[in-house]
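Residue numbers (the numbering used here): 4 to 637.
Here the structure is laid out as structure tokens; the discussion comes afterwards.
Here you go:
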């Protein structure tokens, strides 16, 4: 990053990033530093002015294997974005009070046109051409909605000028729910993630996973699962998680006996799960809290049980694979001591507990990550290895700033989708027609939503997919009587499966490159390992107890049977069952898989049938074993 920027642009980037952090602290802590107290909309424009221009400094116009210095056209786009957003920020009060989104002065209109182009080019650089084209189509949609051949796609048409000013200056589009979420919640958690990683938190969680699971059979794979889960919560990106942790975990798994494609599949599946695992989930979860107007803590609690089931499914399979192939754990002398790890890294344990306390007990979600980040920075000075110097501080600022610039640019562009559907009124009509087209069938809508989420997830970020479907599909599910949180979580889960599902499977392909394995085979292995992610969303929509939204007794019973269901289903997929060993009979594996699925259903009858099927399986194997022992002794 420093090589591309050079000293001058690196300094400019650091100044903008620090300015954005100070702006956020000033706004969320109500400090009014130097008498500066902008209205919330102006505050969002200031954040955009700090982060969107960085897209042209930190990302080159064309991807290349070589280091590309900042070019003259990068500098022009940077200046245009910076000046235009600052102009709107300074005029924030006038924009809101005088309705500039519909009757803007000439200069503001010109700024709107320029920023329309700038945001689209920025998202192309940071997220790719597909997302840019989707955002471009929706940004133009208000101008063509009056000519759409399908009635429910017809809305209130706007001319070119009004479309531009509505997108940039209304409270529905670029300044809509995604950006409001960024300003209120996301910035702090992104800062916390960057601080935690750069103070050694990633290494601590990886060592902790090694000390806890390394000695068990298949220990390297279990360490990869737990370590990648921890790191995924911090990074929020499945692919970057694979690249970062996979370089350590995949060679270790291969060395211990896991086949190339299996090791890559384990890493890809575990890394993908980080974005759905509380207490820190992906950005889509924070946006979901804003859409539903509920505390983020409620979203995190709802996601806890499904996340536990997801990783349990992976652990059961890697354990079964290790048992079948007689793969032992890592030798004790090669593992870090648990107590030594805890003793040396107490600051991360306290920081995690403090974050959980502030989010779930005090409900101080907006300010919590800043308190914990400050604690981590102060704690880093207690150890020589983590103590900050100028180089480390610069790396922290640029590393965190790059992540914030990426998220900000994406959310600004995705705001075009929200704005187009809101301004034209199509969002409401779309969800109404969706129910009518499905004949009121909830299952059809769920299947259509799953397929749509998967297809969109091939070329768009999880946040973009979620925002689009939260506007058109989730409301349809809510109207049919489904729990709102379950409906929105369903979308998030299915938006992430494309990372491990061929033909796209970006996380699986990234892992296969590290493992030198066949990408398609790796993708299908990752699908099998992550089977829970395909199944659980369908069940928690019908049974909200799976996301903790029921009476305590019902939640406990549901959780117990869900654990059994994951255990049995994963055992059937891997071909190994605890207490029996390798499952060589395909028919028996099918029975165990069916028992696992039955345990997920919310009816007591299906749970009992599942238990009976498993009792038959265990009884049959027990009788065979007894008969075999009798024959040998005879």
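Cβ coordinates follow ideal geometry from the N, Cα and C atoms, glycine included.
Note that the structure is a prediction, hence the values are computed from the model and not measured.
Just list the residues that DSSP pairs residue 551 with in beta bridges.
DSSP lists no partner for residue 551.
Can you find the residues in the same chain that come closer than 6 Å, C-beta to C-beta, to residue 158, ignoring five residues on each side of it along the sequence?
So the list reads 148, 427, 428, 429, once near-sequence residues are dropped.
Proximity to residue 263 [Cα-Cα], best of 449, 381, 459, 529
Distances from the CA of residue 263 to each of 449, 381, 459, 529 were compared; the closest alpha carbon is that of 529.
Within a Cβ cutoff of 6 Å, which residues of the same chain sit near residue 504, ignoring the five residues on either side of it in sequence?
Non-local beta-carbon contacts of residue 504 in its own chain, meaning distances under 6 Å to residues more than five positions away in sequence, involve 530 in chain order.
Measure the alpha-carbon distance for residue 283 versus residue 48 and round it to whole angstroms.
Cα to Cα, the separation comes out at about 26 Å.
Closer than 6 Å by C-beta to residue 654: which residues in its own chain qualify, once you throw out the five before and the five after it? Chain order, please.
As displayed, the chain neither begins before 4 nor continues past 637, which places residue 654 out of reach and without an answer.
Rounded to the nearest angstrom, what separates residue 535 and residue 108 at their Cα positions?
In this structure, the straight-line span from the alpha carbon of residue 535 to that of residue 108 is close to 54 Å.
Identify whether residue 196 lies in helix, strand or coil by the three-state DSSP scheme.
Under the three-state reduction of DSSP, residue 196 is assigned to helix.
Where does residue 39 land, buried or exposed, given buried means 16+ other C-beta within 10 angstroms?
With a threshold of 16 other beta carbon atoms within 10 Å, residue 39 falls short and is exposed.
Name the one or two DSSP bridge partners that residue 100 has.
Note: residue 100 sits in no beta bridge, so no partner.
Since I believe residue 595 is in contact with residue 620 (beta carbons under 8 Å), could you give me their beta-carbon distance rounded to a whole number of angstroms?
The Cβ separation is near 6 Å, so the contact holds.
Spatial neighbours of residue 368 within its chain, please: C-beta separation below 7 Å, excluding the five flanking residues on both sides.
Correct list, in chain order: 188, 298, 299, 300, 362.
Any beta strand (DSSP E) of 3 or more consecutive residues that is wholly inside the region 288-354
Inside the region 288-354, DSSP marks no whole beta strand (DSSP E) run of 3 or more residues.
Going by the DSSP bridge assignment, what does residue 585 pair with across the sheet?
Per DSSP, 579.
Might you give, ordered along the chain, the residues of its own chain that have their beta carbon closer than 6 Å to the beta carbon of residue 211, omitting 5 neighbours on each side?
These residues qualify, in order along the chain: 344.
Taking the straight line between their C-alpha atoms, what separation do you get for residue 494 and residue 475?
About 11 Å.
In its own chain, which residues sit with a C-beta less than 6 Å from the C-beta of residue 304, not counting the 5 before and 5 after it?
551.
So, helix, strand or coil for residue 164, using DSSP?
Note: residue 164 maps to helix in three-state DSSP.
Relative to the C-alpha of residue 455, which candidate in 254, 472, 289 has its C-alpha closest?
The shortest Cα separation from residue 455 among 254, 472, 289 belongs to 472.
Look at the Cβ atom of residue 129, then the Cβ atom of residue 84, and state whether they are nearer than 7 Å.
No, the pair does not count as a contact, with Cβ atoms beyond the cut-off.
Beta-carbon gap between residue 123 and residue 308 smaller than 7 Å
Taking the C-beta atoms as reference points, residue 308 is found no nearer than 7 Å to residue 123.
Can you look up residue 9 in the DSSP assignment and give me helix, strand or coil?
Correct three-state label for residue 9: helix.
Tell me the DSSP secondary structure of residue 272 in three-state form.
Three-state result, residue 272: helix.
Tell me which residue opens and which closes the alpha helix (DSSP H) that residue 493 is part of.
Counted as a single uninterrupted DSSP element, the alpha helix (DSSP H) harbouring residue 493 occupies residues 487-499.
Note down the Cα distance separating residue 372 from residue 540, rounded to an integer number of angstroms.
Taking the straight line from one Cα to the other gives about 29 Å.
CA-to-CA distance, residue 377 to residue 488, given in whole angstroms:
Roughly 32 Å between the two C-alpha positions.
Around the C-beta of residue 253, are 16 or more other C-beta atoms found within 10 angstroms, so that it is buried, or is it exposed?
Buried is the label assigned to residue 253, since at least 16 other Cβ atoms lie within 10 Å of its Cβ.
Give a yes or no on whether the C-beta atoms belonging to residue 5 and residue 13 are separated by under 7 Å.
A contact, by the Cβ cut-off of 7 Å.
Spell out a yes or no on whether the region 414-425 and the region 174-182 are touching, meaning 3 or more CB-CB pairs, one atom from each, closer than 8 Å.
They touch, by the three-pair rule.
Supposed contact pair residue 602 and residue 565 - C-beta distance, whole angstroms, cut 8 Å:
That belief holds up - the Cβ atoms of residue 565 and residue 602 are roughly 7 Å apart, short of 8 Å.
Are the region 199-208 and the region 221-236 in contact at 8 Å, needing three or more beta carbon pairs?
Segment contact: the region 199-208 against the region 221-236, three or more CB-CB distances shorter than 8 Å; contact assigned.
Residue closest to residue 325, alpha-carbon to alpha-carbon, out of 412, 223, 76, 364:
Cα-wise, what sits closest to residue 325 is 223.
What is the DSSP secondary structure of residue 220, counted as helix, strand or coil?
Three-state DSSP puts residue 220 in coil, outside helix and strand.
Using the C-alpha atoms, what's the distance from residue 276 back to residue 374?
Per the coordinates, the alpha-carbon of residue 374 lies some 27 Å from the alpha-carbon of residue 276.
Classify residue 30 as helix, strand or coil using the three-state DSSP reduction.
Looking at residue 30 - three-state DSSP - the assignment turns out to be helix.
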